[in-house]
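J.:
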Amino acid sequence: MSEPFFDQELDCQGLLCPLPVLKTKQVLDSMGTGKVLRLLATDPGSVSDMEAWTRQTGNELLDHREGDGVYTYYVRKV
Amino acid sequence: MADDRRRLAIIASKGTLDWAYPPFILASTAAAMGWEVGVFFTFYGLTLLKKKITAKVAPHANPAMPMKMPFGPQGFQNIEWPMPNILTANLPGFDHAATALMRRTFKKKGVATIEELRQLSLEAGARLISCQMTAEVFGFRHEDFIDGVEKGGAATFLEFAAEADVSLFI
Numbered sequence: 281m282s283e284p285f286f287d288q289e290l291d292c293q294g295l296l297c298p299l300p301v302l303k304t305k306q307v308l309d310s311m312g313t314g315k316v317l318r319l320l321a322t323d324p325g326s327v328s329d330m331e332a333w334t335r336q337t338g339n340e341l342l343d344h345r346e347g348d349g350v351y352t353y354y355v356r357k358v
Numbered sequence: 659m660a661d662d663r664r665r666l667a668i669i670a671s672k673g674t675l676d677w678a679y680p681p682f683i684l685a686s687t688a689a690a691m692g693w694e695v696g697v698f699f700t701f702y703g704l705t706l707l708k709k710k711i712t713a714k715v716a717p718h719a720n721p722a723m724p725m726k727m728p729f730g731p732q733g734f735q736n737i738e739w740p741m742p743n744i745l746t747a748n749l750p751g752f753d754h755a756a757t758a759l760m761r762r763t764f765k766k767k768g769v770a771t772i773e774e775l776r777q778l779s780l781e782a783g784a785r786l787i788s789c790q791m792t793a794e795v796f797g798f799r800h801e802d803f804i805d806g807v808e809k810g811g812a813a814t815f816l817e818f819a820a821e822a823d824v825s826l827f828i
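Line order of the protein sequences matches chains S and Z.
Numbering-wise, the numbering used here puts 321 at position 41 of the first sequence, and it's gapless, one number per residue.
Numbering-wise, the numbering used here puts 698 at position 40 of the second sequence, and it's gapless, one number per residue.
#1: What separation, rounded to the nearest whole angstrom, lies between the Cα atoms of S/Cys-292 and Z/Leu-775?
#2: Determine the contact status of S/Leu-317 and S/Thr-334, defining contact as a CB-CB distance below 8 Å.
#3: Taking its Cβ as the centre, do 16 or more other Cβ atoms sit within 10 Å of Z/Leu-666, making it buried, or is it exposed?
#4: With distances taken Cα to Cα, identify the nearest neighbour of Z/Pro-740 among Z/Ala-782, Z/Met-725 and Z/Gly-810.
#5: Using the beta-carbon count (16 or more within 10 Å), is Z/Thr-746 buried or exposed?
#6: Touching or not, the stretch 320 to 333 of chain S and the stretch 697 to 714 of chain Z, by the rule of three or more beta carbon pairs under 8 Å?
#7: Which whole-angstrom value describes the C-beta separation of Z/Tyr-679 and Z/Ile-772, a residue pair presumed to lie in contact below a C-beta threshold of 8 Å?
#8: CB-CB under 6 Å to Z/Ala-822, same chain, minus the five flanking residues each way: which ones, in chain order?
#9: For a contact meaning CB atoms closer than 7 Å, what does Z/Lys-913 contact in chain S?
#10: From the DSSP output, which residues share a beta bridge with S/His-344?
#11: By DSSP, does Z/Lys-708 sit in helix, in strand, or in coil?
#12: I'd like the list of long-range same chain contacts for Z/Ser-671, defined as Cβ closer than 6 Å, with 5 residues on each side in sequence excluded.
#13: Would a check of beta-carbon distances place S/Thr-313 closer than 8 Å to chain Z?
#14: Which one of Z/Asp-661, Z/Arg-663, Z/Asp-662 and Z/Ala-685 has the shortest CA to CA distance from Z/Phe-827?
#15: I want to see whether chain S comes within less than 8 Å of Z/Gly-692, judged by CB atoms only; does it?
#16: What is the DSSP secondary structure of Z/Lys-809, counted as helix, strand or coil?
#17: Can you find a C-beta in chain S that's less than 8 Å from the C-beta of Z/Leu-778?
#18: List the residues of chain S that Z/Ala-813 touches, going by C-beta distances under 9 Å, in chain order.
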């Protein structure tokens, strides 16, 4: 499966709750509507948290992948 | 005030390092989710609004607290040290050492500091309200607190909490 296009990347590897969510919010705030952020995280709790956060904020979780202990999320700002 | 956002109301009443985390983690996250957030700091929780946070942890009489060392070989780090009450109560400097170890462990594991979470909460629009009664009793001045802190009392909190979707006493 090809990787979704993204405009900006945020590396939250090594950070624990709630930092991946808070930093995603900060970066997304600085991006334009429709832009896509790629987030890298290693916190296993971020899977459930990113789903909840995108549901609550209305931003779109385009894709979520896991591999080698790294969770990759693609979030589109709505 | 007409606002269709979800609302979180928290009373933060504890001032130790471990208990400083839950209100700020929840406040910053809820604010980052677009919720309206108000945290009312009362009694020992009020110290968390000071410019310099000096929160410590006191393991005494808390048998649930894991005591592990954040340095040295992995086998050593995995050891959970037994902390009998006779030791935690009487060893000079024990709380100071435990606080330093907890801070170091949190940093190493990638946990934000209380100061960071507090700042992020404010930036995301959370209201941090100081209990004026406690401030008077403890002799804290409003200038002792970080910028952006509001003053209030029981009625202020109750009015805010009456319309809240989630209310917590911490």
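Here a beta-carbon is modelled for each residue, glycine too, at the ideal position from N, C-alpha and C.
T.: Concretely, from the data shown:
#1: 16 Å
#2: no
#3: buried
#4: Z/Met-725
#5: buried
#6: no
#7: 7 Å
#8: Arg-665 and Ala-667
#9: Since the displayed chain Z opens at 659 and closes at 828, residue 913 of chain Z lies outside it and no answer follows.
#10: S/Tyr-353
#11: strand
#12: Thr-700, Phe-701 and Gly-703
#13: no
#14: Z/Ala-685
#15: yes
#16: strand
#17: yes
#18: By Cβ distance, chain S contributes nothing, its closest Cβ being about 30 Å from Z/Ala-813, past 9 Å.
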